[in-house]
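A quick write-up on the structure given underneath.
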Amino acid sequence: MDSDEDSLNERSGKLVQSHRSYNPRILFFYFLTAVLLLTLAGGLAYRQLIKANDYADAERQQNQRRIIFPGARGNIYDRHGQLLVGNRHRFAVLLHLDELKSELRREHIRIYKNYVATSDRQDVPADAQLKQIARVTLVQRYLDQVNQLTGRNDQVDAADLRRHFDRQLLLPFTLMDHLSLKEYARLIEGLPVRSPLEVYASNARTYPHGSAAAHTLGYVRADNDVEAVGFPGDDLTTFRMKGTAGKDGLEKWFDSQLQGEAGGRIYRVDPTGYKINPPLETRAPKQGQHLVTSLDIDLQLATEEAIGDQRGTAVALDIATGEVLVMASKPDFDLNKFSPRASAEFVADMTKRGAWYNLALNGFWPPGSTFKLLTTMAALRAGAITPDNAIIKCNGLLRLGNRIFYCDNGRGRHGEILLSDAVAKSCDIYYYEAGRLTTAALIAAEGRRFHLDQPTGIELPGEGHRMTMPDPDWKQRTQKEAWVPGDTANMAIGQGFVLVTPLQMACFAASIARGEFLTQPTLVHDPNRPTQRTATIGLKPEERKALLEGMLGCTTDGTGKVISTPAYRIEGVTVAGKTGTAQKRVEGGKNINFAWFICFAPVEQPVIAVAVAIEGETAGESFEGGRHAAPIAAALLKKYFTRKTPAAQPAAPLFKSE
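See below:
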């Protein structure tokens, strides 16, 4: 018995001893549990401490919305401070949808009950359709209030309203746009103070002078991508009120300066997307910078009146600084028709009339006999002609190879003629010979020296590159043909392949006036702008004097003598000028004639340079250049020299030694 008890105690001891020892398998599970707990704790710490900001940002992005409001554009003035482009109020009636949340719910329930009461349940529209019906019904109810006050009968566009609810719920819905001042006054008086309806005043461009300088000033169009630089919330869902962006002219070139500084608001929104007032952050919009141009609106209006219904252009420059006083192009258009948007009929009419193009900038035309001034300088610098040598006798025609070239100016029989008279009378025969003696290559090089082969770089978009200063290499490269003597003859009188713009020719006239080879035009006025200075033309004093005497003779008894008639003469002011007529073949084989006149005044101390180019239909230089272009320049000059507004300071005297 004792042995059995001893045996039992021995086994019990072993079992206890075995139970109390560590099992390796259990130890592994202890370790695994600890790792899992540590991983869980680390994950919780990572999310609570390290990722807390990320989750806060995600919550903020979900619960907040940003609205951007454009700032007003800056004004544009002429050089004397007269307003050329400004802003006017544009009135509309807006409905703040976020204030209709409870009303929409009640309207939704009312419409549902009406359907249930009047039809089978299976005919009741889906809930989404019921919501849309409720929205249209309620919004139309508010629109009817506006109709009653304005006398209109506008209806809600259901599709437009649906898009607005889906995409721009935070922005007010435009119920009525383009309110007249009378309608605006009635609504201000008649609408309740506490109402979801708002009479909203935004900005639209206004042009006090209508079509004046239309191509130069340019226009704006709606911009849906308004940005508020420096305003927080770039990562938030953003709604933008429509702004404007420059699309042509100065409005486009200086768009970044004219653009106002956009403002904005940041709102919290509820789960359905309606905003919660007040806003979390607000910044008021600011007006853009003002631009003072070099234009003179009085001169501009006088010039455009002189051009009338003709198709053409005129440019006037301050000789000393290169500032553009006038840039007129016809046909033109009323800039106010672009504000706030141009109608399809208006755009179609502009296209039909060819009114889109700024002919001063992109009228690529042969310059005709105005180019003889450049041929003169090239020939003098090459030693091919001298002021006191009659290089040829003009009998009205000249044979070059198999072609006969005629002198189309005056009677065409100038006899033995010197340089000054050749300029004044615009003798073609003289310049055919001058071109032959000089060579086309040197004439082209002179044109390039005056930068007539490249854009001027003026502050306007879209200045083309189709100007051409040809030479034998150019013709072989572009036409795959050899240069012939007739090409040189045509080039010498500004015909053939030569193409320039009226703006370039105005710069050319200003350069001759200063005795230098380059004028850089600008449309920005700076009262402290210094006189431009470039290398001199390089003529001897007697050569320069002969050239200028010829230009003076043009306006006194030459092809431009209309300038000196009682109707156009300006007392005490002498004008140096040059007429020109050119032809250009266009589509359909039709030739278009261009009447040119370039000039500067006064001859003794020039302050203003002018270039005029008008399309015509009758050949003959003395007829076209003198009769159609010179009077426009005369009207411009008369306005400039007879008004009370101070003129620009004169450049250095012309008749000086170089």
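Residue numbers (our numbering): 401 to 1058. No residue lacks a Cβ here, since even glycine has one placed at the ideal position from N, Cα and C.
Specify, as a first and last residue, the run of the beta strand (DSSP E) that residue i falls within.
i     : result
Q540  : Run containing Q540: none in the beta strand (DSSP E); it sits in the alpha helix (DSSP H), 527–550.
F1141 : The requested residue 1141 is not part of the displayed model; the chain covers only 401 to 1058.
M727  : 724–730
H489  : 483–495
I666  : 663–669
K501  : That residue, K501, is in no beta strand (DSSP E); its alpha helix (DSSP H) goes 501–518.
F639  : 637–640
I970  : First-last for I970: undefined, no H or E at that position.
T644  : 643–646
E1015 : 1008–1016
Between the options, which has its C-alpha nearest residue i's C-alpha?
i     : options                  : result
V536  : T878, D523, D560         : D560
A967  : P1031, A760, N890, D625  : P1031
A845  : D871, Q464, Y831, T956   : D871
N475  : G688, A892, L438, D523   : G688
E627  : S602, K686, R866, L591   : K686
D603  : G815, G486, L538         : Just to set this straight, residue 603 is Asn in the shown sequence, not Asp. The shortest Cα separation from N603 among G815, G486, L538 belongs to G486.
T693  : D478, K1039, L939, T433  : D478
R985  : T959, F1000, I804, E1015 : E1015
T574  : Y542, P592, I588         : Y542
A1001 : R969, I992, V493         : R969
L579  : R563, A784, D554         : D554
N890  : M869, V556, L432, V493   : M869
D566  : K752, Q532, L587, R944   : Q532
A472  : L658, A976, Q854, G977   : L658
I843  : G649, T856, M641, V898   : V898
I697  : T721, A728, T682, I511   : A728
A782  : K940, E745, W996         : K940
Considering residue i, what are the terminal residues of the alpha helix (DSSP H) in which it resides?
i     : result
G958  : From DSSP, G958 is part of no alpha helix (DSSP H); its letter is neither H nor E.
G886  : 885–892
I817  : Looking at the DSSP string, I817 is not in any alpha helix (DSSP H), and its letter there is neither H nor E.
R1043 : Element bounds for R1043: n/a, residue is neither H nor E.
A684  : Here A684 belongs to no alpha helix (DSSP H), and DSSP marks it neither H nor E.
L860  : Looking at the DSSP string, L860 is not in any alpha helix (DSSP H), and its letter there is neither H nor E.
R836  : 828–838
L658  : 655–658
Using DSSP's beta-bridge definition, name the partner residues of residue i.
i     : result
R720  : The sequence given here has Ala at residue 720, not Arg. In the DSSP output, where bridge partners are listed per residue, A720 has none listed.
A982  : F994
F469  : G663
G977  : C999
A1035 : Note: A1035 sits in no beta bridge, so no partner.
I843  : Paired residue(s): none; I843 is not in a bridge.
V900  : W765
V626  : Its beta-bridge partners do not exist; DSSP assigns none.
A1065 : In the structure as shown, the chain starts at 401 and stops at 1058, and residue 1065 therefore has no counterpart that could be examined.
V556  : Its beta-bridge partners do not exist; DSSP assigns none.
R621  : A645
T868  : L899
I676  : R668
Q464  : R668
I476  : V485, L691
Round the Cβ separation of residue i and residue j to the nearest angstrom and send it over; I've been treating them as touching at under 8 angstroms.
i     : j     : result
L1036 : V726  : 6 angstroms
F733  : Y584  : That belief does not hold up - the Cβ atoms of F733 and Y584 are roughly 28 angstroms apart, past 8 angstroms.
K647  : Y619  : 6 angstroms
A612  : Q700  : 5 angstroms
F469  : G590  : At roughly 26 angstroms, the Cβ-Cβ gap does not stay under 8 angstroms, so F469 and G590 are not in contact.
T713  : G894  : At roughly 17 angstroms, the Cβ-Cβ gap does not stay under 8 angstroms, so T713 and G894 are not in contact.
A882  : A834  : Contact flag wrong, Cβ pair sits at about 22 angstroms.
T974  : E1004 : 7 angstroms
M905  : A778  : Not really, about 16 angstroms apart at Cβ, beyond 8 angstroms.
N736  : T606  : 7 angstroms
A534  : L504  : 6 angstroms
I817  : A841  : That belief does not hold up - the Cβ atoms of I817 and A841 are roughly 26 angstroms apart, past 8 angstroms.
N795  : R813  : 6 angstroms
T979  : G953  : The pair is not a contact, with the Cβ atoms about 12 angstroms apart (cut-off 8 angstroms).
A1009 : A1029 : So it is not a contact: roughly 14 angstroms between Cβ atoms.
P787  : A982  : Not a contact, Cβ separation roughly 26 angstroms.
Ranges of the alpha helix (DSSP H) found wholly within the region 564–609, counting only runs of at least 4: Along the length of the region 564–609, whole alpha helix (DSSP H) runs at least 4 residues long occupy 581–590, reported in chain order.
Whole alpha helix (DSSP H) elements within the region 728–810, 4-residue minimum: List check, alpha helix (DSSP H) in window: 744–753, 759–762, 772–782.
Whole alpha helix (DSSP H) elements within the region 905–956, 4-residue minimum: As far as the region 905–956 is concerned, its whole alpha helix (DSSP H) runs of at least 4 residues are 941–956.
Alpha helix (DSSP H) segments (min. 4 residues) lying fully within the region 686–711: List check, alpha helix (DSSP H) in window: 697–707.
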